[in-house]
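**Q**
Protein chains: 2
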Amino acid sequence: MAKTDALAPEQLGTYFALMEAVSLLQHAVEQQLRADGDISYVQFQLLARLADSDGRLTMTELADGVVYSRSGLTHQAALLEKAGLITRGPSPDDQRATLVTITDAGLTRVSTVLPGHIQVARRLLFDPLSDQDLHALGDIMTRVRDHMRAQPPRSAAPRKRHTGPRTVRGAEASTD
Amino acid sequence: MAKTDALAPEQLGTYFALMEAVSLLQHAVEQQLRADGDISYVQFQLLARLADSDGRLTMTELADGVVYSRSGLTHQAALLEKAGLITRGPSPDDQRATLVTITDAGLTRVSTVLPGHIQVARRLLFDPLSDQDLHALGDIMTRVRDHMRAQPPRSAAPRKRHTGPRTVRGAEASTD
DNA sequence: TATTGTTATACTCTATAACTATA
DNA sequence: TATAGTTATAGAGTATAACAATA
Numbered sequence: 001m002a003k004t005d006a007l008a009p010e011q012l013g014t015y016f017a018l019m020e021a022v023s024l025l026q027h028a029v030e031q032q033l034r035a036d037g038d039i040s041y042v043q044f045q046l047l048a049r050l051a052d053s054d055g056r057l058t059m060t061e062l063a064d065g066v067v068y069s070r071s072g073l074t075h076q077a078a079l080l081e082k083a084g085l086i087t088r089g090p091s092p093d094d095q096r097a098t099l100v101t102i103t104d105a106g107l108t109r110v111s112t113v114l115p116g117h118i119q120v121a122r123r124l125l126f127d128p129l130s131d132q133d134l135h136a137l138g139d140i141m142t143r144v145r146d147h148m149r150a151q152p153p154r155s156a157a158p159r160k161r162h163t164g165p166r167t168v169r170g171a172e173a174s175t176d
Numbered sequence: 001m002a003k004t005d006a007l008a009p010e011q012l013g014t015y016f017a018l019m020e021a022v023s024l025l026q027h028a029v030e031q032q033l034r035a036d037g038d039i040s041y042v043q044f045q046l047l048a049r050l051a052d053s054d055g056r057l058t059m060t061e062l063a064d065g066v067v068y069s070r071s072g073l074t075h076q077a078a079l080l081e082k083a084g085l086i087t088r089g090p091s092p093d094d095q096r097a098t099l100v101t102i103t104d105a106g107l108t109r110v111s112t113v114l115p116g117h118i119q120v121a122r123r124l125l126f127d128p129l130s131d132q133d134l135h136a137l138g139d140i141m142t143r144v145r146d147h148m149r150a151q152p153p154r155s156a157a158p159r160k161r162h163t164g165p166r167t168v169r170g171a172e173a174s175t176d
């Protein structure tokens with residue numbers, strides 16, 4: 001039945017500290033990006049990835065690593081295109097592919113947003129860390145990330161049954 | 001003008017590794033909670049917090065630490081109540097307050113979901129870590145979390161101007 | 001007046017499924 | 001048949017503002 005025992009107390013504490021800290025960090029970052037450049041973190045990631053690359057990537061290449069679905073990427077790309085930050089066009093190599101290009105405005109936007117972004121990361125994450133901490137954290141999280149990437153999707157997730165028709169989502173009968 | 005310089009390469013790498021790893025972890029956890037107990041991570045947090053406490057907390061106490069707005073909490077509480085996992089009632093101490101109580105079904109749901117949750121955390125996060133890593137990570141993230149909690153909200157966030165009416169959200173003119 | 005909580009509303013994000021076109 | 005991408009649609013999450021009631 002595999003390991004379903006409780007986590008060691010130290011594991012539990014570490015897990016929750018990690019989750020909460022990063023939630024706070026994500027929240028702060030979203031705020032900053034929205035305030036400084038009116039983009040979300042996901043949009044920032046897409047732009048940054050394009051800026052880092054040749055400035056051009058196919059949708060599939062762009063999506064790689066950015067978790068979600070193709071349709072989600074299409075949606076974000078449409079928003080970024082409407083905002084003039086990227087351009088989409090046919091690929092010469094593969095007629096099926098869409099080639100995404102970052103515009104000058106896109107590059108400008110990234111550089112507009114970057115300083116504040118860095119400030120937030122520094123203020124929230126790095127300020128309380130020593131060089132040694134930084135090194136340790138980098139080492140650990142790099143290893144963890146690579147491990148996660150290598151994990152089989154989530155087909156392996158156990159499939160249990162609910163106790164009944166109880167749903168904690170919005171839908172639901174509410175027969176009255 | 002404070003420190004707006006680029007982060008050290010090691011900082012940048014650490015930051016991105018942290019963000020990506022936790023994003024993957026969050027995603028996996030959401031999947032597991034939804035599959036095993038049809039709840040979100042936020043809902044799990046609320047239930048877990050209630051279970052940890054006396055079983056009863058006011059809305060304000062419950063919200064504490066769970067970032068978002070009061071209305072968001074009200075919404076989630078309504079969902080949990082509809083699902084029979086919590087109960088809301090007036091507080092004897094303060095007539096303004098709402099006392100939230102976890103039900104037996106709520107406690108059951110938590111215990112239903114917990115083993116899988118732990119499995120995910122173990123498989124994705126702890127498996128690739130040595131005891132020493134665990135200790136270091138716990139120490140670091142606890143410190144970071146406490147530091148973040150102590151930070152002034154986000155009033156301190158710099159306020160820059162956009163280059164124009166460019167919006168990367170859904171709304172927007174789209175005059176054609 | 002300040003605090004607790006709810007309601008109404010609006011918007012963003014994400015995912016699934018169906019569909020088109022090219023390899 | 002498999003892959004690249006889009007569209008339509010549906011649902012969940014979150015936040016802001018206005019409001020009611022109690023301290």
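Listed in order, the protein sequences are those of chains A and B.
For the first sequence, counting from 1, position 161 maps to 161 in UniProt numbering; every step adds exactly one.
For the second sequence, counting from 1, position 23 maps to 23 in UniProt numbering; every step adds exactly one.
Note that CB positions come from ideal geometry on N, CA and C, so glycine has one too.
No experiment lies behind these values; they were computed from the predicted model shown.
1) Judging by CA-CA distance, which residue of B:His-75, B:Ser-23 and B:Gly-37 is the nearest neighbour of B:Leu-124?
2) Would you report the Cα separation of residue 232 of chain B and B:Gly-84, rounded to the nearest angstrom?
3) Beta strand (DSSP E) containing A:Asp-58: first to last residue?
4) Name the chain B residues whose beta carbon is nearer than 8 angstroms to that of A:Ile-140?
5) Around the Cβ of B:Thr-112, are there at least 16 other Cβ atoms within 10 angstroms (buried) or fewer (exposed)?
6) Look at the Cβ atom of A:Ala-136, then the Cβ atom of B:Leu-137, and state whether they are nearer than 9 angstroms.
7) In angstroms with no decimal places, state the Cα-to-Cα distance between A:Val-42 and A:Ser-69.
8) May I ask which residues mark the beginning and end of the alpha helix (DSSP H) holding A:Ile-118?
9) DSSP state of B:Pro-90, grouped into three classes?
10) Could you pull out every residue in the same chain whose Cβ sits closer than 7 angstroms to the Cβ of A:Ala-120, ignoring the five residues on either side in sequence?
11) Alpha carbon to alpha carbon, what distance is there between A:Thr-103 and A:Ala-53?
12) Would you mind sorting A:Ala-63 into buried or exposed? The rule is 16 or more other CB atoms within 10 Å of its CB.
13) Mapping the DSSP letters down to three states, classify B:Val-100 as helix, strand or coil.
14) Kindly provide the ranges of any beta strand (DSSP E) runs that are 3 or more residues long and lie completely inside the stretch 10–87 of chain B, ordered along the chain.
15) For the stretch 3–21 of chain B and the stretch 80–100 of chain B, state whether three or more C-beta atom pairs, one from each stretch, are separated by less than 8 angstroms.
16) Name the two residues that bound the continuous alpha helix (DSSP H) containing B:Gln-132.
17) At least one CB of chain B closer than 9 angstroms to the CB of A:Thr-14: is that the case?
18) From the DSSP output, in three-state form, read off A:Leu-124 for me.
19) Is there a Cβ of chain B sitting closer than 9 angstroms to that of A:Gly-72, yes or no?
20) Could you check the C-alpha separation between A:Arg-145 and A:Gln-11 for me, to the nearest Å?
21) Compare the Cα-Cα distances from B:Glu-61 to each of B:Leu-134, B:Leu-99 and B:Gln-95 and report the closest residue.
22) Measuring alpha carbon to alpha carbon, tell me which of A:Met-19, A:Asp-131, A:Leu-18 and A:Leu-25 ends up nearest B:Gln-151.
23) Our contact map puts A:Met-141 next to B:Leu-18 with C-beta atoms below 8 angstroms; I'd like the distance itself, whole angstroms only.
24) Going along chain A in order, which residues have a C-beta closer than 8 angstroms to the C-beta of B:Glu-10?
25) Could you check the C-alpha separation between A:Asp-93 and A:Ala-77 for me, to the nearest Å?
26) Using CA coordinates, which residue listed in B:Ala-105, B:Glu-20 and B:Tyr-15 is at the minimum distance from A:Met-148?
27) Using the Cα positions of A:Thr-74 and A:Ser-40, report the straight-line distance between them to the nearest angstrom.
28) Give the secondary structure of A:Ser-155 by DSSP, where H, G and I count as helix, E and B as strand, and everything else as coil.
29) Are the CB atoms of A:Arg-34 and A:Thr-101 within a distance shorter than 9 angstroms?
**A** Concretely, from the data shown:
1) When only C-alpha atoms are compared, the closest one is B:Ser-23.
2) Outside the shown range of chain B (1 to 176) lies residue 232 of chain B, about which nothing can therefore be said.
3) It should be pointed out that residue 58 of chain A corresponds to Thr in this sequence rather than to Asp. Element bounds for A:Thr-58: 56–58.
4) What A:Ile-140 touches in chain B: Leu-129, Asp-133, Ala-136 and Leu-137.
5) With a 10 Å radius around the Cβ and a threshold of 16 neighbouring Cβ atoms, B:Thr-112 comes out buried.
6) A contact, by the Cβ cut-off of 9 angstroms.
7) Their backbone Cα atoms lie some 13 angstroms apart in a straight line.
8) Start and end: 104–120.
9) Reduced to three states, the DSSP call for B:Pro-90 is strand.
10) With the sequence shown as reference, residue 120 of chain A is identified as Val, and Ala is not the correct amino acid for it. Excluding the 5 residues flanking it on each side, A:Val-120 has same chain C-beta neighbours closer than 7 angstroms at Ala-28, Val-29 and Gln-32, in chain order.
11) It is Ser, not Ala, that sits at residue 53 of chain A in the sequence shown. Straight-line measurement puts the Cα of A:Thr-103 at about 13 angstroms from the Cα of A:Ser-53.
12) Looking at its Cβ environment, which holds 16 or more other Cβ atoms inside 10 Å, A:Ala-63 is buried.
13) Residue state, collapsed to three classes: strand.
14) Entirely contained in the stretch 10–87 of chain B, the beta strand (DSSP E) runs reaching 3 residues are, in chain order, 56–58.
15) Judged by Cβ distances under 8 angstroms, the stretch 3–21 of chain B makes no contact with the stretch 80–100 of chain B, as fewer than three pairs qualify.
16) That run of the alpha helix (DSSP H) goes 131–150.
17) Flagged as an interface residue toward chain B: A:Thr-14, by a C-beta distance shorter than 9 angstroms.
18) Note: A:Leu-124 maps to helix in three-state DSSP.
19) Residue-level contact by beta carbon fails for A:Gly-72 and chain B, as no gap is shorter than 9 angstroms.
20) Cα-Cα distance, rounded: 17 angstroms.
21) If you compare the alpha carbons of B:Leu-134, B:Leu-99 and B:Gln-95 with that of B:Glu-61, the shortest gap goes to B:Leu-99.
22) Out of A:Met-19, A:Asp-131, A:Leu-18 and A:Leu-25, A:Leu-25 has the C-alpha closest to the C-alpha of B:Gln-151.
23) Between B:Leu-18 and A:Met-141 the Cβ distance is about 5 angstroms, and since that is below 8 angstroms, they are a contact.
24) Chain A residues near B:Glu-10: Leu-134, His-135 and Gly-138.
25) The alpha-carbon atoms of A:Asp-93 and A:Ala-77 are separated by roughly 20 angstroms.
26) When B:Ala-105, B:Glu-20 and B:Tyr-15 are compared, the shortest CA-CA separation from A:Met-148 is found for B:Glu-20.
27) Rounded to the nearest angstrom, the two C-alpha atoms are 15 angstroms apart.
28) Here A:Ser-155 scores only 38 on pLDDT, less than 50, and its place in the model should not be relied on; the value that follows carries that caveat. Reduced to three states, the DSSP call for A:Ser-155 is coil.
29) Cβ distance not < 9 angstroms, so A:Thr-101 and A:Arg-34 don't count as in contact.
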